[in-house]
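Data block below; observations after.
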Amino acid sequence: MRVLAGVLLVVAALAGCAGGPANDGATNPATPAPATPGAATPTVPDTAHPVSDAELQAAIRAASPGFDTASAGGEARYAAVRADLNGDGRDEVLTYLMGPYFCGTGGCTLLVFDQGMDGYSLLADMATTRPPVIVAPSAEGYADVWTMQSGGGAPAEYVQHVFTDGRYVEQAHVPADEVPAGATVLSENTDFAEGRLLEPRG
Numbered sequence: 000m001r002v003l004a005g006v007l008l009v010v011a012a013l014a015g016c017a018g019g020p021a022n023d024g025a026t027n028p029a030t031p032a033p034a035t036p037g038a039a040t041p042t043v044p045d046t047a048h049p050v051s052d053a054e055l056q057a058a059i060r061a062a063s064p065g066f067d068t069a070s071a072g073g074e075a076r077y078a079a080v081r082a083d084l085n086g087d088g089r090d091e092v093l094t095y096l097m098g099p100y101f102c103g104t105g106g107c108t109l110l111v112f113d114q115g116m117d118g119y120s121l122l123a124d125m126a127t128t129r130p131p132v133i134v135a136p137s138a139e140g141y142a143d144v145w146t147m148q149s150g151g152g153a154p155a156e157y158v159q160h161v162f163t164d165g166r167y168v169e170q171a172h173v174p175a176d177e178v179p180a181g182a183t184v185l186s187e188n189t190d191f192a193e194g195r196l197l198e199p200r201g
C-alpha cells in the first residue's frame with residue numbers, strides 16, 4: 000500500500016508540474032481533438048524532442064535573409080520539435096525563433112518546415128507568435144496550427160493557421176481563455192535560456 004501511495008503522489012506531482020496555460024475546465028490542450036473523417040491526424044511525440052542540426056540551421060538562415068548575429072542586437076536561439084502534420088508518416092519541423100531580430104511586442108517568429116529528400120522547405124513563416132503552439136486535426140490535409148499572440152496593448156488571443164495552397168495562412172482569432180482543442184507541441188514555458196544557439200553564417 001505504501002508503494003502504491005508513493006506512485007500516486009509522484010503521478011499527481013508530475014500532473015501539477017505539466018506546462019501549458021490554465022484552462023479553467025476547458026479542453027486539455029494536450030489532448031488531441033477527435034479526428035474529422037478524411038482529416039490529417041498529427042502524430043505528436045509524448046515528450047517534445049528538440050531538433051538541432053546544421054541543415055536545419057541553414058534552412059532557418061535561408062528563411063531569414065536579414066538575420067546576422069553581428070547586427071541583430073544580440074544572439075538568437077530556437078526551440079524545434081518534429082510532428083507529422085499531414086499524416087504521411089514523415090515529420091514536419093516547427094521551429095520557434097527567439098532573440099532581438101525575431102521578436103517584437105506581439106511575440107516571436109515560428110517557422111514550419113517540411114523535410115524531404117532535397118532538405119527543408121518552408122511551409123510557414125508566422126510572425127508575432129507566442130507559445131503554447133497547438134496542432135489540431137483538420138479536413139484540409141494538414142493539421143491546423145494554433146499560436147498565442149499578445150502584446151502591444153492588444154488582448155491575448157489564440158490565432159489559427161490553416162494550410163491553403165501549399166502554405167499556412169492566418170485565419171481565425173479566439174480569446175485566450177478559449178483554449179483550442181489539440182496537442183501542445185511547444186509549451187508556454189519555452190524560453191530563450193533553454194533554446195539552442197542559432198549559429199552565425201559560416
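Numbering (numbering that gives the first Met the number 0), first residue to last: 0 to 201.
We treat Cβ as the ideally placed atom computed from N, Cα and C, and that holds for glycine.
Give the secondary structure of residue 60 by DSSP, where H, G and I count as helix, E and B as strand, and everything else as coil.
helix
Beta bridge counterpart(s) of residue 195 as assigned by DSSP:
Its beta-bridge partners are 77.
In terms of residues, what are the limits of the beta strand (DSSP E) holding residue 178?
Unbroken run through residue 178: none, as it is neither H nor E.
Is it buried or exposed, residue 173, if we count other Cβ atoms within 10 angstroms and call 16 or more buried?
exposed
According to DSSP, is residue 82 part of a helix, a strand, or is it coil?
strand
Specify the secondary structure class of residue 135 as computed by DSSP and reduced to three states.
strand
Going by beta-carbon coordinates alone, are residue 96 and residue 108 separated by less than 8 Å?
yes
Using three-state DSSP, classify residue 142 as helix, strand or coil.
coil
Give me the DSSP bridge partner(s) of residue 163.
166
Cα separation between residue 19 and residue 142?
Model confidence at residue 19 stands at a pLDDT of 37, short of 50, so the residue's coordinates are unreliable and nothing is read from them.
Check whether the region 178-190 and the region 120-137 are in contact - that is, three or more C-beta pairs closer than 8 Å.
The region 120-137 and the region 178-190 touch, with three or more beta-carbon pairs separated by less than 8 Å.
Out of 130, 105, 89 and 138, which one is the CA nearest neighbour of residue 115?
89
Kindly indicate which residue of 87, 190, 199 and 101 has the alpha-carbon position closest to the one of residue 113.
Nearest option by C-alpha distance: 87.
Quick check on the DSSP output: the beta strand (DSSP E) that includes residue 97 runs from which residue to which?
Element bounds for residue 97: 91-97.
Could you compute how far the alpha carbon of residue 197 sits from the alpha carbon of residue 104?
The alpha-carbon separation between residue 197 and residue 104 amounts to approximately 21 Å.
State the Cα-Cα distance for the pair residue 111 and residue 145, rounded to the nearest angstrom.
Taking the straight line from one Cα to the other gives about 12 Å.
Length of the line joining the Cα atoms of residue 199 and residue 63
Rounded to whole angstroms, the gap between the alpha carbons of residue 199 and residue 63 is 12 Å.
Among 91, 161 and 130, which one has its Cα closest to the Cα of residue 119?
Checking every option, the nearest Cα to that of residue 119 belongs to 91.
The beta strand (DSSP E) spanning residue 104 covers which residue range?
Counted as a single uninterrupted DSSP element, the stretch harbouring residue 104 is not any beta strand (DSSP E), since DSSP gives it neither H nor E.
Relative to the C-alpha of residue 147, which residue among 193, 189 and 75 is closest?
189
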